[in-house]
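Keeping their order, the protein sequence lines are chains A and B. Under this note's numbering, think of the first position of the first sequence as 1, with each following residue one higher. Under this note's numbering, think of the first position of the second sequence as 1001, with each following residue one higher. Every residue gets a Cβ at the ideal spot worked out from N, C-alpha and C, and that includes glycine. Below is one structure; the comments refer to it alone.
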Amino acid sequence: MPPFGKVLVANRGEIAVRVMKAIKEMGMKAVAVYSEADKYALHVKYADEAYYIGKAPALDSYLNIDHIIDAAEKAHADAVHPGYGFLSENADFAAAVEKAGMTFIGPSSDVMNKIKDKLDGKRVAKMAGVPIAPGSDGPVSSLDEALKIAEKIGYPIMVKAASGGAGVGITRVDSPDQLVEVWERNKRLAYQAFGKADLYIEKYAVNPRHIEFQLIGDKYGDYVVAWERECTIQRRNQKLIEEAPSPALKMEEREKMFEPIIKFGQIIHYFTMGTFETAFSDVTREFYFLELNKRLQVEHPTTELIFRIDLVKLQILLAAGEHLPFTQEELNKRVRGAAIEYRINAEDPLNNFTGSSGYITYYKEPTGPGVRVDSGVEAGSWVPPFYDSLISKLIVYGENRAYAIQAGIRALNDYKIGGVKTTIELYKWIMRDPDFQEGRFSTSYIAQKTEQFTKYLRQQEELRAALALEIQSRGLNRQGATPVTTSQRQPKSAWKTYGLVSQASSRVMW
Amino acid sequence: MKLYRVYSETGDTYLMAVDSKGNVDKIKTEANEFEIEYLGKGTRDNEYLFKVNGEIHHVFVDNGYVFVDNASVFKLERATELPTKEGESVEEMIKGREGEVISPLQGRVVSIRVKEGDAVNKGQPLLSIEAMKSETIISAPVAGVVEKILVKQGQGVKKGDTLVIIK
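Below you can see the structure in the form of structure tokens.
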């Protein structure tokens, strides 16, 4: 018996399609909502029913609570899944869903109100014993106070918006002069983005890596931590490549975080899924709590692949009041291999990652062993300029991290998208970078490597353009061909080169 | 020697000076130089082999799309031959076009910070384009005088559109 009859997915793009896949597999009906810009989008075609909710700007559609509740009522939905972004962490939306007599697949509005912003999260983290970075206890009222706190904890520091996410209003500050320079600007940015100008200060972790823990809880007070994901490869504080488990952590370092995280869940009676974002210093081996994300994460598939569980189905079952199906010990036994996720963004890495909207004129997804694509587009899709640039996610699995990288290189080569610029070519470069392969990186990786990858990507791009010009000028378009002899490349070595044997155990993988 | 502006389907533009000698073309761009030799057809229908700076590349052509070494896709929208002056060097040819400010993305012009006749320094912000939740500032690629502004505030632009000309 399915937990619900019909579930409305209040989102768009790849996550809407991903959630609908779980809904359909569980024998329920999936309802989509769409804006003017998404009339012909994949998530609309994939759903069992779809309802128009307004004009293209998100405020008129995907962020309009009334319009979405209206659609859910028209569809007679029993539950609403918010995906990530948009209204996924909005307590008013959760309350509106509850008031309309439907189940919100996520934390209740009461729970969300307990940890409205990052500062609430920090306060609870302190109570639970989750390590937090030294800094201000609450919002900092003035620049003078900010300068005093910064002096006390020492530079570098991070200035952050109390409400918010997606990297907006977060700045590293190295000196008092710089703090004076960014203070008013960040207040303005925070107000524009989140409607609240509150800022706070934290000590900057040395050589930070972004590591997040997956908390899963049920309504009966049972909790597990599905280990961690490392999301250190970022640009402008936004993630590009994520992996599970983190190549930086030892088992004891990982495990020492489980107890305080579970205690955090118990304090606020958190049920469903949540993600503890932390900054981890490679140098001091300390974690600093950043925030609790009260939703499904973009990078959830990496956890799914190493644990072989479906987090969306689990999230739906927990919302319906089911018990957690495993203990921490049982979960730990399920872990196997390594997974890497690449966010395929319609962006130009050679132009400061500016968005690249337009029509996808050519589209071929990679398939095969260890490869998964969660996509919101297909050939002919329009990538509108109104929303974020994520169009799909490529997730690869390997028996260990080195083999996952091999699978990644192969799958990235097989992934072909025409019509818009994407981050695929950049990821191919990163996969071949010895620093990435050896796990030597911090959140500054992209900034530090920009010069190197820019030179390479530009050279490759110009080479493609030059060869296309050659093809055109020589009139070689669409001509028949007479084969000529070419040398056949032979594999250099056998099993180990191609990841068919685990280096540790010498056993056959697939 | 011929000078081309090559437009990709995604709106990128490339300036290429092409010097042909028999089966070999020397192509110079703003940042790179390629010696390209056409070797002939490949084993597959519509596949061609090129030696570029000593390395062999397989180029497969399908319906206007060019697949290089079966790992990346590229589509050329058009290539326009540009006029050149007698005795002009390749560097001069390419440099002469650097004052043409091309839009690097599709979006909407939200502000224009200069007017025709203004003197600008290299790197000085000229205008901003908004797309996909972010604003991109377009800066002057060279120092000079703003000769022509070809867009208006609020106007939609495509990648590859000429926005401003600096002389």
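Inset, instruction - Examine chain A for any beta-carbon lying closer than 8 Å to the beta-carbon of residue 1125 of chain B, and answer yes or no. - result: No, because no Cβ of chain A sits closer than 8 Å to the Cβ of residue 1125 of chain B.
Inset, instruction - Could you confirm whether any beta carbon from chain B is found closer than 8 Å to the beta carbon of residue 234 of chain A? - result: no
Legend entry - Option in A:292, A:368, A:271, A:304 with minimal Cα separation from residue 324 of chain A: A:271
Inset, instruction - Grab me the residues of residue 117 of chain A's own chain with a C-beta within less than 7 Å of its C-beta, minus the 5 sequence neighbours each way, in chain order. - result: 162, 163
Legend entry - Rounded straight-line distance, which links the Cα of residue 413 of chain A to that of residue 405 of chain A: 12 Å
Legend entry - Cβ neighbours of residue 426 of chain A in the same chain (closer than 7 Å, five flanking residues each side left out): 349, 453, 457
Inset, instruction - Specify the secondary structure class of residue 406 of chain A as computed by DSSP and reduced to three states. - result: helix
Legend entry - Any C-beta of chain D under 8 Å from that of residue 1153 of chain B: Annotation note: the requested chain D is absent from the structure, which comprises protein chains A and B.
Inset, instruction - Kindly indicate if chain A contains any beta-carbon less than 8 Å away from that of residue 1101 of chain B. - result: no
Legend entry - Beta-carbon proximity of residue 340 of chain A to residue 396 of chain A, cut-off 8 Å: yes
Inset, instruction - Output, in sequence order along the chain, the residues in the stretch 1027-1042 of chain B whose CB is closer than 9 Å to any CB in chain A. - result: 1027, 1029, 1030, 1031, 1032, 1034, 1036, 1038, 1039, 1040, 1041, 1042
Legend entry - Contacts of residue 1021 of chain B in chain A (Cβ-Cβ under 9 Å): By Cβ distance, chain A contributes nothing, its closest Cβ being about 14 Å from residue 1021 of chain B, past 9 Å.
Inset, instruction - Using a Cβ cut-off of 8 Å, pull out every chain A residue sitting near residue 1104 of chain B, in sequence order please. - result: 348, 351, 354
Legend entry - Other residues of its chain near residue 1046 of chain B: CB distance less than 7 Å, five sequence neighbours each side excluded: 1060, 1061, 1062
Legend entry - Bridge partners - residue 278 of chain A, DSSP secondary structure assignment: In DSSP, residue 278 of chain A forms a bridge with A:211, A:289.
Legend entry - Listed by chain order, chain A residues near residue 1003 of chain B by CB distance under 7 Å: Neighbours of residue 1003 of chain B on chain A: none; closest Cβ ~12 Å, over 7 Å.
Legend entry - Inter-residue CB distance, residue 34 of chain A and residue 53 of chain A (contact presumed, cutoff 8 Å): 7 Å
Inset, instruction - Count the other C-beta atoms from every protein chain shown that fall within 10 angstroms of the C-beta of residue 333 of chain A, then say buried if there are 16 or more, exposed otherwise. - result: Classification of residue 333 of chain A: exposed, given that the 10 Å Cβ count is below 16.
Inset, instruction - Quick one: using the 10 Å Cβ neighbour count with 16 as the cut-off for buried, is residue 220 of chain A buried or exposed? - result: With fewer than 16 other beta carbons inside 10 angstroms of its own, residue 220 of chain A counts as exposed.
Inset, instruction - Please decide whether residue 1016 of chain B counts as near chain A, where near means a Cβ-Cβ distance under 8 Å. - result: yes
Inset, instruction - Output yes if chain B places a C-beta closer than 8 Å to the C-beta of residue 360 of chain A; else output no. - result: no
Inset, instruction - Give a yes or no on contact between the stretch 251-262 of chain A and the stretch 298-309 of chain A, applying the rule of three or more CB pairs nearer than 8 Å. - result: no
Inset, instruction - State the DSSP-derived secondary structure class of residue 394 of chain A, mapped to helix, strand or coil. - result: strand
Legend entry - Contacts around residue 1052 of chain B, its chain only, beta-carbon distance under 6 Å, and the 5 residues preceding and following it disregarded: Within the same chain, residue 1052 of chain B has close Cβ partners 1034, 1036.
Legend entry - For residue 213 of chain A, the nearest candidate out of A:232, A:277, A:398 (CA to CA): A:277
Legend entry - residue 19 of chain A versus residue 1160 of chain B: straight-line alpha-carbon distance, rounded: Distance between residue 19 of chain A and residue 1160 of chain B, taken at the CA atoms: about 37 Å.
Inset, instruction - Measure from the alpha carbon of residue 184 of chain A to the alpha carbon of each residue in A:175, A:64, A:159, then state which is nearest. - result: A:159
Inset, instruction - Say whether the stretch 1082-1093 of chain B touches the stretch 1102-1119 of chain B, bearing in mind that this needs 3 or more beta-carbon pairs closer than 8 Å, one atom from each stretch. - result: no
Inset, instruction - Please list the partners that residue 1157 of chain B has in chain A, where partner means a Cβ-to-Cβ separation under 9 Å. - result: The premise fails here: residue 1157 of chain B is roughly 11 Å from chain A at the closest Cβ pair, so nothing lies under 9 Å.
Inset, instruction - Whole angstroms is fine: what's the gap from residue 321 of chain A's alpha carbon to residue 268 of chain A's? - result: 17 Å
Legend entry - Rounded separation between residue 480 of chain A and residue 1048 of chain B - CA only: Its pLDDT being 42, under 50, residue 480 of chain A is placed unreliably in this model, and the value from its coordinates should be taken loosely. Cα to Cα, the separation comes out at about 10 Å.
Inset, instruction - Could you check what DSSP says for residue 86 of chain A in three-state terms: helix, strand or coil? - result: The answer is coil: DSSP assigns residue 86 of chain A none of H, G, I, E or B.
Inset, instruction - Spatial neighbours of residue 223 of chain A within its chain, please: CB distance less than 6 Å, with the 5 preceding and 5 following residues excluded, ordered by chain position. - result: Contacts found: 217, 262, 265.
Legend entry - CA-to-CA distance, residue 446 of chain A to residue 435 of chain A, given in whole angstroms: 12 Å
Legend entry - Other residues of its chain near residue 411 of chain A: CB distance less than 7 Å, five sequence neighbours each side excluded: 366, 371, 394, 396
Legend entry - chain B contact for residue 421 of chain A (CB, 8 Å cutoff): At least one CB of chain B lies nearer than 8 Å to the CB of residue 421 of chain A.
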